[in-house]
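Visitor: Before anything else, here's the structure in question.
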Amino acid sequence: MKSIACCLVVVLSVSVVLICGESRQWGRRVSGDRLLNYAVVVNNSLPVPEKSSVYRYLPAAGAFRPPNITAIYARDNIPAGRGGYAGIVSGGVNQSNVTLKLTSQPYQRFNFTIEVYGK
Ligand SMILES: *[C@@H]1O[C@H](CO)[C@@H](O)[C@H](O)[C@H]1NC(C)=O
Ligand SMILES: *[C@@H]1O[C@H](CO)[C@@H](O)[C@H](O)[C@H]1NC(C)=O
Ligand SMILES: *[C@@H]1O[C@H](CO)[C@@H](O)[C@H](O)[C@H]1NC(C)=O
Ligand SMILES: *[C@@H]1O[C@H](CO)[C@@H](O)[C@H](O)[C@H]1NC(C)=O
Ligand SMILES: *[C@@H]1O[C@H](CO)[C@@H](O)[C@H](O)[C@H]1NC(C)=O
């Protein structure tokens, strides 16, 4: 019984903890939240030593009560160690907006999938 429960937890976590090493997560999904924004951020620029991009989620202008962010996922789509690094610059969980900075390793490109959830 216990192992079945374990398996279930593993299966449920797969969408969260993808196998890639550099993926990051802030906060956690809660019941009733929804996907606020989804983006694939890629920087394939010609050999610049360090590539970076800024991703920003802002609530729709004039929203009466902007959703409160519950979880942010930055999933590195480039396998094991060759991808980039994601960090929060401002905003984040429990706020209405977030700005992430994505940075590559030297002379590597990056490809991140960003998901922002809130309720
Ligand atoms: C890729 O990174 C370079 C160096 O940081 C930057 O100048 C360029 O604007 C970035 N491209 C995109 C699409 O973000
Ligand atoms: C980025 O990664 C996604 C998921 O693996 C893939 O579908 C997409 O084609 C990639 N984009 C580029 C420009 O490599
Ligand atoms: C966000 O708010 C929840 C509920 O009050 C709290 O449990 C959680 O620690 C907060 N997270 C952050 C990153 O502030
Ligand atoms: C988001 O939720 C947290 C925890 O309940 C609360 O402290 C915070 O004020 C909320 N922020 C917004 C922008 O509603
Ligand atoms: C982001 O949200 C915070 C409060 O959660 C607010 O103080 C700040 O002005 C917002 N930033 C932007 C760029 O809207």
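Those letters in the sequence shown? Residues -21 to -1, 1 to 98, by mature numbering (1 follows the signal peptide of the UniProt record, and there is no 0). From the three backbone atoms N, C-alpha and C, an ideal C-beta is built for every residue, glycine too.
1. Can you name the start and end residues of the beta strand (DSSP E) that Gln74 belongs to?
2. Which same chain residues, not among the five before or five after Arg8, have their C-beta less than 7 Å away from its C-beta?
3. Would DSSP call Tyr52 helix, strand or coil?
4. Identify whether Ala40 lies in helix, strand or coil by the three-state DSSP scheme.
5. Any chance the CB of Lys30 is under 7 Å from a heavy atom of ligand 1?
6. Give every residue of the same chain whose Cβ lies closer than 7 Å to the Cβ of Ala65, excluding the five residues on either side of it in the sequence, and list them in chain order.
7. Consult DSSP for Leu15 and reduce its assignment to one of helix, strand or coil.
Guide: Put simply:
1. It is not in any beta strand (DSSP E) - Gln74 carries neither H nor E in the DSSP assignment.
2. Thr49, Ala50, Tyr96
3. strand
4. coil
5. yes
6. Arg3, Ala53, Leu79, Leu81, Phe91
7. strand
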